[in-house]
Structures are given as structure tokens and as C-alpha cells.
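K.L.:
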Amino acid sequence: MSSQTAKKARPLSPHLQVYKPQLTSGLSIFHRITGIGLSAALPVIVLWLVAIAEGPAAYATFNDYAHSLIGRIFLFGWSWALCFHFCTGLRYLIWDTGHLLDIKSVYLTGYLALAVSTLLTVAVWFYYL
Amino acid sequence: MSDPNRSLQSPLGRVRGLGSAKAGTHHWILLRATSIALIALIFYPLATLLCLAVHGDYNDVVAWLHTPWAAAGVVLFLGFSFHHAALGLQDVIEDYIHCKCARPAALFLVKFGAAAFTVLGTFATLKIMLGA
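Chains as they are written, first to last, in the numbering used here: chain A, 1 to 129; chain B, 1001 to 1132.
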């Protein structure tokens, strides 16, 4: 990590440019991406609680932002990210117990996670709207 | 001895800190433990809060948060969520940021931000629960 002399950037063999995209790698990177997105959205939830705490006027302002087009898009994206991160997260937890680690199960649970997360998002919006 | 390029640091000092981190199991366990806790915390506090916010009005949300179950659930959700997020983001930062100054700065910001927002959210919830 620390070095007295400046290191020249050494050439790397191609990796992301040549590796075939697969369900496993795709779900993995999306689990990470949704995780980062959800982390960015958490402070918004806190600010929402602060708005509730500060009274009906502040809450109404927050509600106006939430019901705008951008607000609805954000809310939909956030709910989908939560469902996706949740379902793929369950998949990781199952792997941690040592189960379903063969290729066939990995792909089966992968498609299942995709399907369930989408259905869950649709169900939430259908039910709540 | 008279070499002007010789470092003030001893040979031992120059190698200390390099090599294996020797620690990381706790981080790994906590990430899984917070995930499991969050399974329940998403289904109860978060879902109820969202449902009330969408279907009910301001007074419904406040009335629900007056109960200790609801307030405790929300505070627990915040605490576990931010800790889970901080642990996860720590993994991301350690994977992608290698610059000597940017890395600890980013790690600090994430952990401080998580703690700060948890405290802010807890105080907001307490104010709702105890207040008017």
C-alpha cells in the first residue's frame, strides 16, 4: 500500500470487457447496486420522520414532494430495490447455510428471486394504490 | 548513517500494518445478523408505517407512533438498517477505493453518517411518541 517510489500503472488483462454476462454475476452486481441505492434512500426515510415530528405543515410539504412525478418514480424505484435486495439477500443467506449451492439450484433460485421481487413490487403497489 | 534519503522510520515501522488484516469475521457475522433482524423489521415497522402514510393521514401516523411497540419497532428498524448499510458500504468502499486518503475519509463519512442519521431518526420518533 505505501511505497517510496511512484508505481507505474501496470497493464491488466481484459476482464469485464470479455466475460460473458450471466444471471449469477448480474444478480450479484444488482444486489450491490440496490444496496447502495437503498443506503442513499435511508436518510430520506429519516427526514420523513423528522417532518412528521415537526408537525402537520412540515409533513404536508414532504407529502407534496412525495406525490410529485419525481417523488412517485423515486418511491417506485425504491420499493423495487427493496424487494430485489431482500429476495437476492435471502438467496445469499441460504448459501451461507451451505444449501442450494449447485449450479442448477443457483440458476433456479436466481430466476425465482427475480420473479418474486417483481411480483412483490407489483403486489405492494397494487395493494397500496 | 549519512544517507540523506534514509527514512526516520525503522525497518519494523515500515512493514507494520502490511499483510493480512487478521480481522473481519465480526463484520461478516454482523452483516448476516442485521439482515436476519431486518427481515422482521421490514415486515412490521416499515410496512405499517408506509401503509399508514399512504392510506391514512397525519393523525393516523402519529397515533400509531404513540404506542411503544410502534416507536420501538421504528427505532430498531433505523438502528439495524443503518448498521447494515454501513457494513455493506464498507465492503463496497474497500473493494473500489484504494487511494490512501480517500479510503479512510469515505469510511469515516459512511459510519458517521449512519450514526448521525440513526440518532436523528430516533429523536424524531421519540418526539412523535412523547409529544402532541
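The beta carbon of each residue, even a glycine, is placed where N, CA and C say it ideally should be.
#1: Does the beta-carbon distance from Leu1087/B to Thr1118/B come in below 7 Å?
#2: Run down chain B in chain order and give the residues with a C-beta less than 7 Å from the C-beta of Asp64/A.
#3: Less than 6 Å between the CB of Phe1117/B and some heavy atom of the ligand SAM, yes or no?
#4: For Leu42/A versus Ser1035/B, is the C-beta spacing smaller than 7 Å?
#5: Given that a residue counts as buried once 16 or more other Cβ atoms are within 10 Å of its Cβ, and exposed if not, what is Gly1019/B?
#6: Which residues in the same chain have their Cβ closer than 7 Å to the Cβ of Leu1046/B, if we skip the five residues on either side of it in sequence?
#7: Contact criterion: CB-CB distance below 7 Å. Does Ser3/A meet it with respect to chain B?
#8: Is it buried or exposed, Gly1056/B, if we count other Cβ atoms within 10 angstroms and call 16 or more buried?
#9: For the alpha helix (DSSP H) that contains Gly35/A, what are its first and last residues?
#10: Determine whether the Cβ of Ala81/A lies closer than 7 Å to any Cβ atom of chain B.
#11: Run through DSSP, which three-state label would Cys87/A get?
P.N.:
Considering the structure as presented:
#1: No.
#2: Within chain B, no residue has its CB atom less than 7 Å from the CB of Asp64/A, the nearest being about 13 Å off.
#3: Within the structure as shown, the ligand SAM is missing, as the structure has no ligands at all.
#4: Result no, Cβ atoms of Leu42/A and Ser1035/B do not sit closer than 7 Å.
#5: Exposed, by the Cβ-count rule.
#6: The beta carbon of Leu1046/B sits closer than 7 Å to those of Phe1077, all from its chain and outside the five residues before and after it, given in chain order.
#7: With a pLDDT of 49 at Ser3/A, under the threshold of 50, the predicted position of this residue should be treated as unreliable, though the coordinate-derived value follows. For Ser3/A, no Cβ of chain B is located within less than 7 Å of the residue's own Cβ.
#8: Classified as exposed, Gly1056/B has fewer than 16 neighbouring CB atoms from the shown chains inside 10 Å of its CB.
#9: Element bounds for Gly35/A: Leu23 to Ala53.
#10: Not closer than 7 Å to any Cβ of chain B, the Cβ of Ala81/A fails to qualify, so no.
#11: Residue state, collapsed to three classes: helix.
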